[in-house]
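Just below is one structure, and these are the notes that go with it.
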Amino acid sequence: MNTISFARGVPAAELLAVEQLADCAKTAIERDGASVLLYGHTLGYQPLREWIGERHGVDPGRVVVTNGSLQAFHFVLSAFAGAGRVIVERPTYDRPRSILSGFDEVPVDDDGLELD
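Heads up: the sequence shown begins at 915 in this note's numbering, then just goes up one per residue.
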């Protein structure tokens, strides 16, 4: 019997589009040379931002490419939380806890968040 691990949000290796990713990397290097291997624009690789913007009907200037959900979470939290409290259920996904360590936790009981 196959076991599905719910320990982390790691996809099964067979679900990764390795050939397509290799093709995309090759195209990017052929297009822009070694510059794609250097630190790029702070909002992400411009051709990718343009493609995402076109695909979703959004101005590419409003698209930010991140290294993953935790970096995106950190960016959003930094932009909108400011100083003060952020309400997060406890227990919660463990990775954002280090990002949220500067904010207060709100415990959860059977009825939901304890806001007292």
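Virtual Cβ for every residue (Gly too), placed ideally from N, Cα, C.
Original post:
Roughly how many whole angstroms lie between the Cα atoms of P974 and D1025?
Top reply: Here the question's residue 974 lines up with position 60 in the sequence shown. Here the question's residue 1025 lines up with position 111 in the sequence shown. Their Cα atoms are separated by approximately 42 Å.
Subject >> Under the three-state DSSP convention, the category G1026 falls into >> reply: As a first step, residue 1026 must be located in the sequence shown, where it is residue number 112. If DSSP states are grouped into helix, strand and coil, G1026 belongs with the strands.
**OP:** With distances taken Cα to Cα, identify the nearest neighbour of S983 among P1010, G947, R969, I966.
**Re:** Counting from 1 along the sequence shown, the entry for residue 983 is found at position 69. The option with the nearest alpha carbon to S983 is P1010.
Original post:
What residues in its chain sit with their C-beta under 6 Å from that of F987, if we drop five residues either side in the sequence?
Top reply: Walking along the sequence shown from the start, residue 987 turns up at place 73. These residues qualify, in order along the chain: P1010.
Original post:
When you compare only the Cα positions, how much space is there between V932 and T917?
Top reply: Residue mapping note: residue 932 aligns to position 18 of the sequence shown, counting from 1. Residue mapping note: residue 917 aligns to position 3 of the sequence shown, counting from 1. Each residue's Cα considered, the two are about 23 Å apart.
Original post:
Can the beta-carbon of G958 be found closer than 8 Å to that of V978?
Top reply: On the sequence shown, position 44 is the one that residue 958 refers to. On the sequence shown, position 64 is the one that residue 978 refers to. Cβ atoms of G958 and V978: closer than 8 Å.
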